[in-house]
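Right, one structure below, let's go through it.
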Amino acid sequence: LMERKPHVKINRKEVILAKLRKSCSCTPQKLKNFVMDFLPVLRWLPKYRCKEYIWGDVMSGLVIGIILVPQAIAYSLLAGLKPIYSLYTSFFANIIYFLMGTSRHVSVGIFSLISLMVGQVVDRELLLAGFDLNDDAPPALGDGSLQNDSLSNTTAFNLTIAGINAECGKECYAIGIATALTFVAGVYQVLMGIFRLGFVSMYLSESVLDGFATGASLTILTAQVKYLIGIKIPRSQGHGMLVITWINIFRNISQANLCDVITSAICIVVLVTAKELGDRYKHKLKFPLPTELVVIVVATLVSHYGKLNEVYASSVSGAIPTGFIPPKVPEFNLMLRVAVDALPLAIVSFVFTVSLSEMFAKKYAYTIRANQEMFAVGFCNIIPSFFHSFATSAALAKTLVKTSTGCQTQISGVISAMVVLLVLLFLAPLFYSLQKCVLACIIIVSLRGALRKFRDVPARYHVNKVDTLVWVVTMSASALVSTEIGLLVGIVFSMLCIIARTQRPRTALLGQIQDTSFYEDDLEYENLSTVPKVKIFRFEAPLYYANRNYFLKSLYRLTNLDPNLEAARRKKYEKKEKQHLKKGNHRTANGLGIGETTLQLVPKQIDFQALVVDCSSISFLDTTGVNTLKEILKDYKNLNISVLLACCNPSVIDSLKRGGYFGRDFGCMQEMLFYSIHNAVLFAKDQK
Numbered sequence: 001l002m003e004r005k006p007h008v009k010i011n012r013k014e015v016i017l018a019k020l021r022k023s024c025s026c027t028p029q030k031l032k033n034f035v036m037d038f039l040p041v042l043r044w045l046p047k048y049r050c051k052e053y054i055w056g057d058v059m060s061g062l063v064i065g066i067i068l069v070p071q072a073i074a075y076s077l078l079a080g081l082k083p084i085y086s087l088y089t090s091f092f093a094n095i096i097y098f099l100m101g102t103s104r105h106v107s108v109g110i111f112s113l114i115s116l117m118v119g120q121v122v123d124r125e126l127l128l129a130g131f132d133l134n135d136d137a138p139p140a141l142g143d144g145s146l147q148n149d150s151l152s153n154t155t156a157f158n159l160t161i162a163g164i165n166a167e168c169g170k171e172c173y174a175i176g177i178a179t180a181l182t183f184v185a186g187v188y189q190v191l192m193g194i195f196r197l198g199f200v201s202m203y204l205s206e207s208v209l210d211g212f213a214t215g216a217s218l219t220i221l222t223a224q225v226k227y228l229i230g231i232k233i234p235r236s237q238g239h240g241m242l243v244i245t246w247i248n249i250f251r252n253i254s255q256a257n258l259c260d261v262i263t264s265a266i267c268i269v270v271l272v273t274a275k276e277l278g279d280r281y282k283h284k285l286k287f288p289l290p291t292e293l294v295v296i297v298v299a300t301l302v303s304h305y306g307k308l309n310e311v312y313a314s315s316v317s318g319a320i321p322t323g324f325i326p327p328k329v330p331e332f333n334l335m336l337r338v339a340v341d342a343l344p345l346a347i348v349s350f351v352f353t354v355s356l357s358e359m360f361a362k363k364y365a366y367t368i369r370a371n372q373e374m375f376a377v378g379f380c381n382i383i384p385s386f387f388h389s390f391a392t393s394a395a396l397a398k399t400l401v402k403t404s405t406g407c408q409t410q411i412s413g414v415i416s417a418m419v420v421l422l423v424l425l426f427l428a429p430l431f432y433s434l435q436k437c438v439l440a441c442i443i444i445v446s447l448r449g450a451l452r453k454f455r456d457v458p459a460r461y462h463v464n465k466v467d468t469l470v471w472v473v474t475m476s477a478s479a480l481v482s483t484e485i486g487l488l489v490g491i492v493f494s495m496l497c498i499i500a501r502t503q504r505p506r507t508a509l510l511g512q513i514q515d516t517s518f519y520e521d522d523l524e525y526e527n528l529s530t531v532p533k534v535k536i537f538r539f540e541a542p543l544y545y546a547n548r549n550y551f552l553k554s555l556y557r558l559t560n561l562d563p564n565l566e567a568a569r570r571k572k573y574e575k576k577e578k579q580h581l582k583k584g585n586h587r588t589a590n591g592l593g594i595g596e597t598t599l600q601l602v603p604k605q606i607d608f609q610a611l612v613v614d615c616s617s618i619s620f621l622d623t624t625g626v627n628t629l630k631e632i633l634k635d636y637k638n639l640n641i642s643v644l645l646a647c648c649n650p651s652v653i654d655s656l657k658r659g660g661y662f663g664r665d666f667g668c669m670q671e672m673l674f675y676s677i678h679n680a681v682l683f684a685k686d687q688k
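Residue numbers 1 to 688, in the UniProt record's numbering, belong to the letters of the sequence shown in order.
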């Protein structure tokens, strides 16, 4: 007989007060620990092994910096902003994560998915403000100053209603929206860190994230097609953007720019070939080939000296100013406009960063602090928003490159930031003649990993059909409706799938494995022997209000006996029998004698005298679950069938005790509850 250990009651009030006293106290040591925890660089930098780590950090930092420059310029198309802002974003994000991040390997900076989400909000607000979304107008000329941005759009918008007491052009308003959105997203992430809401990421399963990334990749690809072929169509907004954009593309396909089409074809062939060769011979290469940078340099030279913009009207990047713009506080009234949009942005940014951090920490045998990662990515958004930057996240592709080139610590991020700074201060104007179709090619080729997920669908379906359905639904909603709606649909649908699994779980009657004390599903295994006069029922889910009816229906169907119907049938026959006896008729309504009627009242289908419920898969019971078990105990008892519970976990036993299943004094508990199915079966056989 197993005895339960006595539970010591915890005074929750005292525990809470003790935690408050501890957290509210301030000592020099506690203050030091707080600062060291908030800035992890103070812990690991003094222990930095220079001779061992410096070469790998410098090498990986240079490679990532070289990759960052063309990607930053390219992803500005997704965000609907000028390339200079993407360079600012890449610079500040690397510096701040160096100070606050706990992962040694992740590359935090500009990310295609985040850029797309920012761009969709920017486009919507520009449209509401009355600006033309056609970004193919001739670029502004001049001294490279961003103050001339209003020349790129003839509409000027008085932002007095948004808290800015001056007229602001399209580009000014666009970066204002982007910085406000970034600031609010960062505040959300910091608040989630303060209140320890990192558990939110648990509701984003791998299938949801993969489907979301793939659907967003289709949206990104669609948005770049117009640059690939050089047609001028308005940037679609709202739900169904993917379908509307493709309709506009086919309507205007006759206006394709032959120069852009040829350039795009050449760039895609070169980029894809280089990527495939790099993947095939990566074990022989000490660092990845800087294909994007080579393509951009060559394409810029060809465009400049071939005068592709003047002769063939090929769309180019335009003037990229050097230096830094004076910092500016994001506008509060604009924050109110984008507060709702910032929430999914904050969650996606955090989830990608933490999941990548945990993956590489596990691979290289060190630990990260998820809560600190939330602070780090939050401040990677808050602080840069004052310097005309937009939202950031960790990116898988650059992180893989980082690890493959020998990255050891966060110092590689500082090296990458220095490369970006060099471009910001001196080299940015050299990219004036760079064609936008080249940037679109870089973006599309970078989506290979996400688009390859379509090849994994058969294997995914073979492993788990429900997860595949979640992936398809999330991907379809993200692509066909919008990215934010797609993420919400994916989360809700995956939860509904979990609920559906518990609402209609597997149920089975068990048979005994010959010459053993173990029992298994009679439909799944052969050569199992049935136990005479005993039915063993297994329910593979928690028993709660949503699956109560399914539990009862499955039990009645598998045992071939509904005790309520049987009790009603017996009452009906007893009533008729009494009526005939009162009339003095010794023959019943069925034409049978009294003795024969007695036999008739005992149903032939009742071939068992005990029902054993295997509770090993029932993780918890709610009030409805306890009442359901009490109900079947009473109903079967009326038919002289005993109900025995086996393999209950302690929480289920406690629920049954509190619900009065075993009576007031628990006196019959030893005859109703058993720690194994075999013990319950032996007890049932011994019953008369």
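Note that CB positions come from ideal geometry on N, CA and C, so glycine has one too. All values derive from a computational prediction rather than experimental measurement.
In the DSSP assignment, S529 forms a beta bridge with Q512. In this structure Q372 is buried. Its beta-carbon is surrounded by 16 or more other beta-carbon atoms within 10 angstroms. The continuous stretches of beta strand (DSSP E) do not include E206, which lies in the alpha helix (DSSP H) extending over residues 206-229. For Q120, no beta strand (DSSP E) segment is defined; the enclosing uninterrupted segment is the alpha helix (DSSP H) at 112-128. Apart from sequence neighbours up to five positions away, the residues of its chain that approach A274 with a beta-carbon distance below 6 Å are L289, T291, ordered along the chain.
The DSSP-derived three-state label of D654 is helix.
A distance below 8 Å separates the beta carbons of T219 and T483.
Rounded to the nearest angstrom, the gap between the Cα atoms of T502 and R538 is 14 Å. Of the other Cβ atoms in all chains shown, 16 or more fall within 10 Å of the Cβ of M117; this residue is therefore buried. Runs of the beta strand (DSSP E) lying entirely within the segment 366-443, each at least 3 residues long, are absent. Sequence-distant Cβ neighbours of V531 in its own chain, meaning closer than 7 Å and more than five residues away, are Q512, V681.
Per the DSSP secondary-structure output, R538 pairs in a beta bridge with A508, D614.
Here L31 is not near S416, since their CB atoms are 8 Å or more apart. In summary, A174 is buried, with 16 or more beta-carbon neighbours lying within 10 Å of its beta-carbon over all protein chains present. In the three-state DSSP reduction, E524 falls in the coil class, being neither helix nor strand.
Going by beta carbons, V351 and L191 fall outside the 8 Å limit.
Secondary structure of C24 (DSSP, three-state): helix. With fewer than 16 other Cβ atoms from the protein chains shown falling within 10 Å of its own Cβ, N549 counts as exposed.
If you check the CB distance, S264 and L228 come in under 8 Å. Taking C-beta atoms as the reference points, S651 and F674 fail to come closer than 8 Å.
In the three-state reduction of the DSSP assignment, C50 falls in the helix class.
Setting aside the 5 residues that flank it on each side, K453 is surrounded in the same chain by D210, T214, each with a C-beta closer than 7 Å to its C-beta; the list follows chain order. With fewer than 16 neighbouring CB atoms inside 10 Å of its own CB, T27 falls in the exposed class. Going by DSSP, L561 is part of no beta strand (DSSP E) at all; its letter is neither H nor E. Pairing T367 with G61, the inter-Cα distance amounts to about 22 Å. For A450, the enclosing alpha helix (DSSP H) covers residues 448-451. Scanning S236, S205, S433 for the CA closest to the CA of K307 turns up S433. Annotation: the continuous beta strand (DSSP E) that includes S642 extends over 642-646.
By the CB criterion at 8 Å, L510 and D607 fall outside the cutoff. Residue pairing of V316 in beta bridges, as defined by DSSP: Q435. Between T392 and A93, the gap from beta carbon to beta carbon is short of 8 Å. Taking C-alpha positions only, K398 is separated from N464 by approximately 30 Å.
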